[in-house]
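In our numbering, the protein residues as written are 6 to 194. Each residue gets a CB set at the ideal place from its N, CA and C atoms; glycine is no exception. What follows is one structure encoded as structure tokens, with my remarks underneath.
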């Protein structure tokens, strides 16, 4: 099985995440792209992350209807901090894993918990991101396949800020995710 792993906070999951998954699926000939919302992301311990159950629900809504996208809740139910290295170890040893990252995350990969083990288990695929150059990723020592997509300046931070400022985030996220956010008043001031 050639499996893409697209993990993250998904606070909220947006079109840049889906475009990265689609590009990796097509360009790297993957069998499936597994979206894994972080249960308790240790690198965002003080960032006021939305509860994992809500981020899981939004990720499920974001990926629904795409038969090669799979929302996976394995980190949401895990106690304590969630680490990518532990999640990767749960997949069958014969799965060929491709870790799909934005360039900003790829440049920080060496700071991850047991980063050498993560890098040793996966092939890394990188989506270009505004503000992070290829040179920054290379300087971090990450050997990666670059996905052929334009830089997309959508981030969870930007969407949360837009909501707090009273602006719409419709059409930055899939419609079911937008409705979920609106119905629950997520990210509103």
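Query: How many angstroms separate the CA atom of residue 12 from the CA atom of residue 39?; Result: 8 Å
Query: Would residue 63 be called buried (16 or more neighbouring beta carbons within 10 Å of its own) or exposed?; Result: buried
Query: Please determine if the segment 128-135 and the segment 16-34 are in contact, where contact requires at least 3 C-beta pairs separated by less than 8 Å.; Result: yes
Query: Roughly how many whole angstroms lie between the Cα atoms of residue 8 and residue 145?; Result: 24 Å
Query: For residue 153, does the three-state DSSP call read helix, strand or coil?; Result: coil
Query: Taking only the alpha-carbon atoms, compute the straight-line gap between residue 10 and residue 42 and give it to the nearest angstrom.; Result: 11 Å
Query: Excluding sequence positions up to five away, which residues of its chain have a Cβ less than 6 Å from the Cβ of residue 61?; Result: 42, 78 and 81
Query: Below 8 Å between beta carbons: does that hold for residue 16 and residue 68?; Result: no
Query: Return the CA-CA distance between residue 149 and residue 102, expressed in angstroms with no decimal places.; Result: 13 Å
Query: Could you check where the alpha helix (DSSP H) with residue 142 kicks off and where it finishes?; Result: 139-144
Query: DSSP beta-bridge partners for residue 132?; Result: 107
Query: Is the segment 104-115 touching the segment 147-165, taking contact as three or more C-beta pairs under 8 Å?; Result: yes
Query: Among residues of its own chain, excluding the 5 on either side of residue 51, which ones have a beta-carbon nearer than 7 Å to its beta-carbon?; Result: Confidence at residue 51 is low in this model, with a pLDDT of 48, below 50, so its placement is unreliable and the value that follows should be read with caution. Once the five neighbours on either side are set aside, residue 51 has no close Cβ partner at all.
Query: Residues in the same chain with beta-carbon distance under 8 Å from residue 95, minus the five sequence neighbours each way, listed in chain order, please.; Result: 79
Query: Given that a residue counts as buried once 16 or more other Cβ atoms are within 10 Å of its Cβ, and exposed if not, what is residue 25?; Result: buried
Query: Note down the Cα distance separating residue 107 from residue 85, rounded to an integer number of angstroms.; Result: 25 Å
Query: What are the residues that DSSP puts in a beta bridge with residue 24?; Result: In the DSSP output, where bridge partners are listed per residue, residue 24 has none listed.
Query: Helix, strand or coil for residue 190, going by three-state DSSP, please let me know.; Result: coil
Query: Name the DSSP beta bridge partners of residue 11, please?; Result: 40
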